[in-house]
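Number of protein chains: 2
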Amino acid sequence: MVAPLLTHILETSLYVTELERAEGFYRHVFGFEPIHRDHRMVALRVAAQSVLLLFRRGATEAGSDTPGGHIPPHGGGGQLHLCFAIPKASLAEWETHLAACGVEIESRVSWKLGGVSLYARDPDGHSVELATPGLWTNY
Amino acid sequence: MVAPLLTHILETSLYVTELERAEGFYRHVFGFEPIHRDHRMVALRVAAQSVLLLFRRGATEAGSDTPGGHIPPHGGGGQLHLCFAIPKASLAEWETHLAACGVEIESRVSWKLGGVSLYARDPDGHSVELATPGLWTNY
Numbered sequence: 060m061v062a063p064l065l066t067h068i069l070e071t072s073l074y075v076t077e078l079e080r081a082e083g084f085y086r087h088v089f090g091f092e093p094i095h096r097d098h099r100m101v102a103l104r105v106a107a108q109s110v111l112l113l114f115r116r117g118a119t120e121a122g123s124d125t126p127g128g129h130i131p132p133h134g135g136g137g138q139l140h141l142c143f144a145i146p147k148a149s150l151a152e153w154e155t156h157l158a159a160c161g162v163e164i165e166s167r168v169s170w171k172l173g174g175v176s177l178y179a180r181d182p183d184g185h186s187v188e189l190a191t192p193g194l195w196t197n198y
Numbered sequence: 060m061v062a063p064l065l066t067h068i069l070e071t072s073l074y075v076t077e078l079e080r081a082e083g084f085y086r087h088v089f090g091f092e093p094i095h096r097d098h099r100m101v102a103l104r105v106a107a108q109s110v111l112l113l114f115r116r117g118a119t120e121a122g123s124d125t126p127g128g129h130i131p132p133h134g135g136g137g138q139l140h141l142c143f144a145i146p147k148a149s150l151a152e153w154e155t156h157l158a159a160c161g162v163e164i165e166s167r168v169s170w171k172l173g174g175v176s177l178y179a180r181d182p183d184g185h186s187v188e189l190a191t192p193g194l195w196t197n198y
């Protein structure tokens with residue numbers, strides 16, 4: 060049974076203790092702009108076609124109703140991991156930019172396929188990676 | 060300070076109790092193929108340029124060393140949420156396919172911009188959404 064078409068990861072989610080603080084970090088450091096906001100969350104546009112969801116911890120555990128149907132419950136804890144793709148040509152710029160934003164680069168990894176990853180922490184301690192092509196066989 | 064270029068969400072992560080079970084689900088239902096495997100994780104290719112990381116719960120909380128540098132610790136619990144983009148033309152096919160795979164559609168939401176989301180659960184209870192364009196202003 061072959062799965063129907065699926066084009067990309069549209070949304071990845073983080074659960075944060077203070078929405079404003081988390082939003083401020085991702086806007087300031089990454090330039091992601093808010094495209095939706097309600098009592099549970101802020102949605103930030105990531106590049107052309109993706110969205111980062113910041114949820115207030117605990118606010119989504121009962122699900123929620125919209126005019127078009129019910130959003131099922133979810134919710135998480137811990138320090139999650141996500142990774143954003145950056146062009147190889149932007150790596151040095153990102154290092155400079157993170158430093159200028161006061162964001163420490165916790166680690167830098169060189170991958171055998173030629174990619175390089177920078178790891179940093181957001182205000183909730185989530186592990187945010189920036190990776191150039193050459194990390195996986197398909198990127 | 061304008062952020063340097065960033066192109067898309069490369070990786071989103073789930074923490075699962077049984078790696079084999081989770082991998083089997085995402086391979087069977089979504090057709091994602093494994094591109095890396097070690098004692099901590101399985102990485103599955105999602106469409107052209109994205110990767111779903113399945114981590115064994117607890118296996119990443121000490122970080123890990125690679126020849127090219129240190130991967131910082133991370134780890135999470137709960138039932139997380141992620142969303143994959145599907146073409147509008149594939150929605151009915153996905154409904155049929157999920158049913159054929161024995162995956163219950165927990166909810167269906169129609170969004171005001173015209174998109175439709177299907178919500179299901181993976182074996183760990185993570186909330187997996189499939190969304191057609193017309194959910195966000197940029198998708």
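One line per chain: the protein sequences are A and B, in this order. Sequential numbering from 60 applies to the first sequence in the working numbering. Sequential numbering from 60 applies to the second sequence in the working numbering. For glycine and all other residues, C-beta sits at the position ideal for the given N, C-alpha and C.
Check: Which of the three DSSP states is assigned to A:Y85 in this structure?; Outcome: helix
Check: In the DSSP output, what is B:Y74 paired with across the bridge?; Outcome: B:F114
Check: Since B:T125 is in the beta strand (DSSP E), which residue starts that stretch and which ends it?; Outcome: 123-125
Check: Where does A:P131 land, buried or exposed, given buried means 16+ other C-beta within 10 angstroms?; Outcome: buried
Check: Exposed or buried, A:D181, counting other C-beta atoms within 10 Å across all chains shown (16 or more means buried)?; Outcome: buried
Check: Quick one: is B:V168 near chain A, going by C-beta distance under 9 angstroms?; Outcome: yes
Check: Tell me which residue opens and which closes the beta strand (DSSP E) that B:L139 is part of.; Outcome: Element bounds for B:L139: n/a, residue is neither H nor E.
Check: By Cβ distance, which residues of its chain are closer than 8 angstroms to A:R99, with the 5 residues on each side in sequence left out?; Outcome: F114, R115, A118, T119, S123
Check: To the nearest angstrom, how far is the alpha carbon of B:T191 from that of A:A159?; Outcome: 38 angstroms
Check: Do A:L65 and A:Q108 come within 9 angstroms of each other at the CB atom, strictly closer than that value?; Outcome: no
Check: Measuring only the C-alpha atoms, how far is B:Y85 from B:S166?; Outcome: 19 angstroms
Check: Tell me which residues share the same chain as B:S95 and place their Cβ nearer than 8 angstroms to its Cβ, disregarding the 5 neighbours each side in the sequence.; Outcome: In the sequence as displayed, the identity of residue 95 of chain B is His instead of Ser. Excluding sequence neighbours, B:H95 sits near V101, A102.
Check: Can you tell me the Cα-Cα spacing of A:Q138 and A:T76, whole angstroms?; Outcome: 12 angstroms
Check: Go ahead and pull the three-state DSSP assignment for A:E79.; Outcome: helix
Check: Which whole-angstrom value is the C-beta distance of A:L177 and A:E154, which I expect to be below 8 angstroms?; Outcome: 7 angstroms
Check: Taking Cβ positions only, does B:P182 come closer than 9 angstroms to chain A?; Outcome: no
Check: Find out if the Cβ-Cβ distance for the pair B:L73, B:H185 is shorter than 9 angstroms.; Outcome: yes
Check: At a CB distance below 9 angstroms, what residues from the stretch 126-143 of chain B approach chain A? Give them in sequence order.; Outcome: P126, G127, G128, H129, I130, P131, P132, H133, G134, G135, G136, G137, Q138, L139, H140, L141, C142, F143
Check: Could you check whether the Cβ of A:V105 sits closer than 9 angstroms to any Cβ belonging to chain B?; Outcome: yes
Check: Alpha carbon to alpha carbon, how far is B:L141 from A:G135? Give it in angstroms, no decimals.; Outcome: 12 angstroms
Check: Looking only at its own chain, which residues have a Cβ that is under 8 angstroms from the Cβ of A:G161, when we skip the five neighbours before and after it?; Outcome: none
Check: If you measure between the beta carbons of B:H67 and A:V105, is that distance less than 9 angstroms?; Outcome: yes
Check: Relative to the C-alpha of A:W170, which residue among A:P126, A:Y198, A:E92 is closest?; Outcome: A:Y198
Check: Given that A:I146 touches chain B, what residues does it touch there, using C-beta distances under 8 angstroms?; Outcome: It is Pro, not Ile, that sits at residue 146 of chain A in the sequence shown. Here the neighbours are L64, T66.
Check: Could you check where the beta strand (DSSP E) with A:E188 kicks off and where it finishes?; Outcome: 186-190
Check: Report the three-state DSSP secondary structure of A:H95 (helix, strand or coil).; Outcome: strand
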